[in-house]
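Enquirer: What follows is a structure written as structure tokens; I'll ask about it next.
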Amino acid sequence: MEKKRTILVLAPHTDDGELGAGASIDRFIKEGNTVYYAAFSTAEQSLPNGLPKDTLAKEVREATKMLGIPDKNLFIFGYEVRKLNYVRQEILEHLIEIKKRIKPDLVLMPSLHDVHQDHTTIAQEGLRAFKDVSILGYELLWNNLSFDTTCFIKLEKENVEAKYKALQRYSSQKDRNYMSKVFVFAHAHTRGVQVGCNYAEAFEVIRWIL
């Protein structure tokens with residue numbers, strides 16, 4: 225990117241931002257951009273039995289730190305998983321407040337084609353809140369019935385490795401197949417092949433302002 229930017233990542237749940245854009249976040253930060261991260265649910269109700277309720281709140285701090293996002297750039301909310309649609313006005317107000325505070329140049333959020341109810345809420349309210357900001361929708365294959373690959377961010381192996389290492393901080397989610405190293409690298413390689421490089425992440429262009 226031509227100039228240093230302020231980038232905001234919207235994650236319905238802790239780990240969504242890393243899964244959808246972790247390698248790009250690593251590239252952005254290494255290039256001198258400032259990245260903020262907002263997570264709206266720590267999914268306490270979905271944690272495996274026996275884990276403390278603040279497990280994912282701790283894990284997202286560790287994961288984003290691995291990518292270079294300082295703790296002061298995190299916004300963590302405690303809304304109940306799978307019920308974000310019941311508090312969409314509160315979420316919109318949070319987004320507007322964050323916008324006023326950090327004035328982002330670019331927002332990364334779930335695709336508008338994401339079928340998960342919480343992801344849909346964040347995507348819709350994000351679109352409302354950031355009407356005058358460039359927005360890219362990130363890809364979560366298991367939730368996307370369709371996905372328009374209208375933007376690719378080229379990556380180096382070190383960016384994908386950083387994404388994988390960040391995801392490993394989510395030890396409570398380690399059994400999910402999309403957390404595996406094989407998947408993380410294979411997906412990035414597939415997207416890279418599409419644009420003639422070794423690795424990439426794909427995004428939907430929701431709004432691009434020049």
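Everything in the sequence shown is counted per the numbering used here, starting at 225 for the first residue and increasing by one. Heads up, the beta-carbon is just placed ideally off N, CA and C, and yes, glycines get one too.
Cβ atoms of leucine 316 and alanine 267: under 8 Å apart, would you say?
Expert: Contact flag unset, no.
Enquirer: From the DSSP output, in three-state form, read off glycine 361 for me.
Expert: If DSSP states are grouped into helix, strand and coil, glycine 361 belongs with the strands.
Enquirer: Please report the Cβ distance between leucine 346 and proline 334, rounded to the nearest whole angstrom; I am assuming they are in contact, meaning their Cβ atoms lie under 8 Å.
Expert: Checking the sequence shown, residue 346 turns out to be isoleucine, not leucine. Correct: roughly 6 Å between the Cβ atoms.
Enquirer: Under a three-way DSSP split, which group does alanine 424 fall into?
Expert: Alanine 424 falls in the strand class under three-state DSSP.
Enquirer: Find the nearest neighbour of aspartate 342 within the set Gly246, Gly292, Ala263 and Ser248, judged by alpha-carbon distance.
Expert: Selected option, being the one with the closest Cα: Ala263.
Enquirer: Apart from the five residues on each side of it in sequence, which residues of its chain come closer than 6 Å, Cβ to Cβ, to glutamate 242?
Expert: Excluding positions up to five away in sequence, the list reads Ala287, Ala390 and Leu391.
Enquirer: Can you list, in chain order, the residues of its chain whose CB lies under 8 Å from that of serine 358, leaving out five sequence neighbours each side?
Expert: Answer for serine 358: Asp329, Leu330, Val331, Arg431, Trp432 and Ile433, listed in chain order.
Enquirer: Beta strand (DSSP E) containing threonine 230: first to last residue?
Expert: From DSSP, the beta strand (DSSP E) with threonine 230 extends over 230–237.
Enquirer: Helix or strand or just coil, what does DSSP make of tyrosine 394?
Expert: Note: tyrosine 394 maps to coil in three-state DSSP.
Enquirer: Can you tell me where the alpha helix (DSSP H) with valine 331 in it begins and where it stops?
Expert: Counting along the chain, valine 331 falls outside any alpha helix (DSSP H), though it belongs to the beta strand (DSSP E) covering 330–334.
Enquirer: Beta carbon of tyrosine 261, beta carbon of valine 305: below 8 Å?
Expert: No.
Enquirer: Distance, Cα to Cα, histidine 413 vs glutamate 321?
Expert: Spanning the two alpha carbons is a distance of roughly 37 Å.
Enquirer: Count the other C-beta atoms from every protein chain shown that fall within 10 angstroms of the C-beta of aspartate 356, then say buried if there are 16 or more, exposed otherwise.
Expert: Answer is exposed; the Cβ neighbour count stays below 16.
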